[in-house]
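Student:
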Amino acid sequence: AMLADAFGRDAEGASTFAADSTRAFEVETLELARKQPAFVASLEATLDAFLESGKQRLELNPMPRVQRKTVHELAKCYAISTISKDHEPRKYVTLYRTELSEWPSVRLSDAAKATGEAVAAADHAPCLWELCLHDVTCSEPVLRHALSFLDNEYSLQWAKKKDGLPPRVLLTFSSEQVARD
Numbered sequence: 423a424m425l426a427d428a429f430g431r432d433a434e435g436a437s438t439f440a441a442d443s444t445r446a447f448e449v450e451t452l453e454l455a456r457k458q459p460a461f462v463a464s465l466e467a468t469l470d471a472f473l474e475s476g477k478q479r480l481e482l483n484p485m486p487r488v489q490r491k492t493v494h495e496l497a498k499c500y501a502i503s504t505i506s507k508d509h510e511p512r513k514y515v516t517l518y519r520t521e522l523s524e525w526p527s528v529r530l531s532d533a534a535k536a537t538g539e540a541v542a543a544a545d546h547a548p549c550l551w552e553l554c555l556h557d558v559t560c561s562e563p564v565l566r567h568a569l570s571f572l573d574n575e576y577s578l579q580w581a582k583k584k585d586g587l588p589p590r591v592l593l594t595f596s597s598e599q600v601a602r603d
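If you count by our numbering, then the sequence shown holds residues 423 to 603, one letter each, in order.
(1) Classify Ala-568 as buried or exposed, calling it buried when 16 or more other Cβ atoms lie within 10 Å of its own Cβ.
(2) Exposed or buried, what is Trp-580 when buried is set at 16 or more other beta-carbons lying within 10 Å of its beta-carbon?
(3) State the DSSP-derived secondary structure class of Glu-466, mapped to helix, strand or coil.
(4) Does the stretch 494-504 come close enough to the stretch 551-571 that 3 or more CB-CB pairs lie under 8 Å?
(5) Excluding the 5 residues preceding and the 5 following Thr-520 in the sequence, name in chain order all residues of the same chain whose CB lies nearer than 6 Å to its CB.
(6) In terms of residue numbering, what span does the beta strand (DSSP E) encompassing Glu-510 cover?
(7) Return helix, strand or coil for Ala-543, following the three-state DSSP convention.
(8) Let me know the secondary structure DSSP gives Leu-592 once reduced to three states.
(9) Looking only at its own chain, which residues have a Cβ that is under 6 Å from the Cβ of Val-493, when we skip the five neighbours before and after it?
(10) So is Thr-559 buried or exposed if we call it buried at 16+ other beta carbons inside 10 Å?
(11) Between which residues of its own chain and Ala-601 is the CB-CB distance below 6 Å, once the five residues before and five after are set aside?
(12) Have a look at Pro-484 and Leu-592 and give me their C-alpha separation to the nearest angstrom.
(13) Is the beta carbon of Ser-531 less than 8 Å from the beta carbon of Ala-455?
(14) On the CB-based measure, 16 or more other CB atoms within 10 Å of its CB, does Lys-535 come out buried or exposed?
(15) Just how far apart, CA to CA, sit Arg-590 and Lys-583?
(16) Return the CA-CA distance between Arg-487 and Glu-448, expressed in angstroms with no decimal places.
(17) Can you tell me which residues form a DSSP beta bridge with Gln-579?
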């Protein structure tokens with residue numbers, strides 16, 4: 423909270439990347455996340471626990487169509503396959519782990535906190551160039567040293583994997599030219 427105050431930010435508000443991350447979700451999904459934050463928090467916790475468990479399959483409880491749609495969309499961020507089964511009103515979603523399943527760099531709960539003003543500003547912001555580095559085995563200082571020729575015209579966002587595997591790093595460049603250099 424003190425750090426947020428120092429930067430003039432609301433500690434309970436959206437993260438710096440939240441406005442830009444709204445692009446990862448459909449408008450209806452963001453609306454549901456804003457109206458039902460407890461459902462989204464529970465769903466994210468369920469997906470996190472599923473990845474931690476090592477299980478290959480998980481059946482969720484029956485839920486309304488709009489919530490199932492959110493499950494399918496959010497599961498894509500985790501690279502988890504899904505399928506709906508049964509008939510209404512007992513229809514439910516089954517999750518399937520894939521070789522690519524991992525924790526997302528974008529969380530629906532964060533994106534839902536973004537205000538309309540922040541989203542509009544992100545939509546008018548210059549296009550940034552992104553490169554995702556998988557299974558990074560060096561430390562952040564070593565990677566920053568290797569990128570020092572870019573004169574800090576980039577940002578790094580580390581996504582540590584909870585299963586002890588090497589992390590993924592999102593490398594964002596300030597322009598296409600910097601990315602191509």
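Using N, Cα and C, we set each Cβ at its ideal position, and we do this for glycine too. Since we're looking at a predicted model, the values are computed, not measured.
Tutor: Based on what the coordinates show:
(1) exposed
(2) Around the CB of Trp-580, fewer than 16 other CB atoms lie within 10 Å, so the residue is classed as exposed.
(3) helix
(4) no
(5) Ala-501 and Ser-503
(6) Looking at the DSSP string, Glu-510 is not in any beta strand (DSSP E), and its letter there is neither H nor E.
(7) With a pLDDT of 45 at Ala-543, under the threshold of 50, the modelled position of this residue cannot be trusted; read the value that follows with caution. Ala-543 falls in the helix class under three-state DSSP.
(8) Strand at Leu-592.
(9) Hits under 6 Å: Val-515.
(10) Burial call: exposed.
(11) If we look at Ala-601 and ignore the five residues flanking it on each side, its Cβ neighbours are Trp-551 and Phe-595.
(12) Rounded to the nearest angstrom, the two C-alpha atoms are 35 Å apart.
(13) yes
(14) buried
(15) Whole-angstrom Cα-Cα distance: 8 Å.
(16) 15 Å
(17) For Gln-579, the pairing in a beta bridge is given by DSSP as Leu-592.
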